[in-house]
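Numbering (the working numbering), first residue to last: 159 to 286.
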């Protein structure tokens, strides 16, 4: 039951992060996807822990069913981890873009200052 709910959340997060295939996601899109992924990841990890605990005391028939559930949960976990990696790359790309814009602004300011210095020095350099 919990696994089914987590499966829906994983699918939702996967669809939300699919915008990354078409380019850079916005900060709002990344944040919204992270809000969906985090609870889903926690639910899947809790389900896996619960399955592991029940497997210790299960009989053969129950063990097979729990094994199938664990395999399914592990697949969901891999999907969630993939979405997390995609969101992480998108967040890093967004940060890099912001840093490049900041650096470009500082370079422009430095170039303007250098031009101002050269203009101020012109009268002194012409006399030589």
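Just so you know, even glycine gets a beta-carbon here, dropped at the ideal spot from N, CA and C.
How about residue 206 and residue 235: are their beta carbons less than 8 Å apart? Position 48 of the chain shown, counted from the first residue, corresponds to residue 206. Position 77 of the chain shown, counted from the first residue, corresponds to residue 235. A contact, by the Cβ cut-off of 8 Å.
Starting from residue 223, trace the alpha helix (DSSP H) both ways and give me its first and last residue. Locating residue 223 in the chain shown gives position 65, counting from the first residue. Element bounds for residue 223: 218–284.
Using 10 angstroms around the beta-carbon of residue 244, count the other beta-carbons present and answer buried if the total reaches 16, otherwise exposed. As a position in the chain shown, residue 244 is number 86, starting the count at 1. Residue 244 comes out buried.
Do you know offhand how far residue 228's Cα is from residue 211's? Walking along the chain shown from the start, residue 228 turns up at place 70. Walking along the chain shown from the start, residue 211 turns up at place 53. Per the coordinates, the alpha-carbon of residue 228 lies some 11 Å from the alpha-carbon of residue 211.
Span separating the alpha-carbon of residue 194 from that of residue 168: Working through the chain shown from its first residue, we reach residue 194 at position 36. Working through the chain shown from its first residue, we reach residue 168 at position 10. The C-alpha of residue 194 lies about 8 Å from the C-alpha of residue 168.
Between which two residues does the alpha helix (DSSP H) holding residue 211 run? In the chain shown, counting from the first residue as 1, residue 211 sits at position 53. Here the alpha helix (DSSP H) through residue 211 covers 185–214.
Measure the Cβ-Cβ separation of residue 174 and residue 191 and say whether it is below 8 Å. Residue mapping note: residue 174 aligns to position 16 of the chain shown, counting from 1. Residue mapping note: residue 191 aligns to position 33 of the chain shown, counting from 1. Against a cut-off of 8 Å, the Cβ pair of residue 191 and residue 174 comes out as a contact.
Is the beta carbon of residue 252 sitting closer than 8 Å to the one on residue 185? Reading the chain shown from its first residue, position 94 is the one you call residue 252. Reading the chain shown from its first residue, position 27 is the one you call residue 185. Yes, the pair counts as a contact, with Cβ atoms nearer than the cut-off.
Just reading off the alpha helix (DSSP H) that residue 179 is part of, what are its end residues? One-based indexing of the chain shown puts residue 179 at position 21. Going by DSSP, residue 179 is part of no alpha helix (DSSP H) at all; its letter is neither H nor E.
Would a C-beta distance cut-off of 8 Å place residue 202 and residue 238 closer than the cut-off? To locate residue 202, count along the chain shown from 1; it is residue 44. To locate residue 238, count along the chain shown from 1; it is residue 80. With a cutoff of 8 Å on beta-carbon distance, residue 202 and residue 238 are scored as near each other.
Residues in the same chain with beta-carbon distance under 7 Å from residue 270, minus the five sequence neighbours each way, listed in chain order, please. For the purposes of this step, residue 270 is taken as the residue at position 112 of the chain shown. Here the set comprises nothing.
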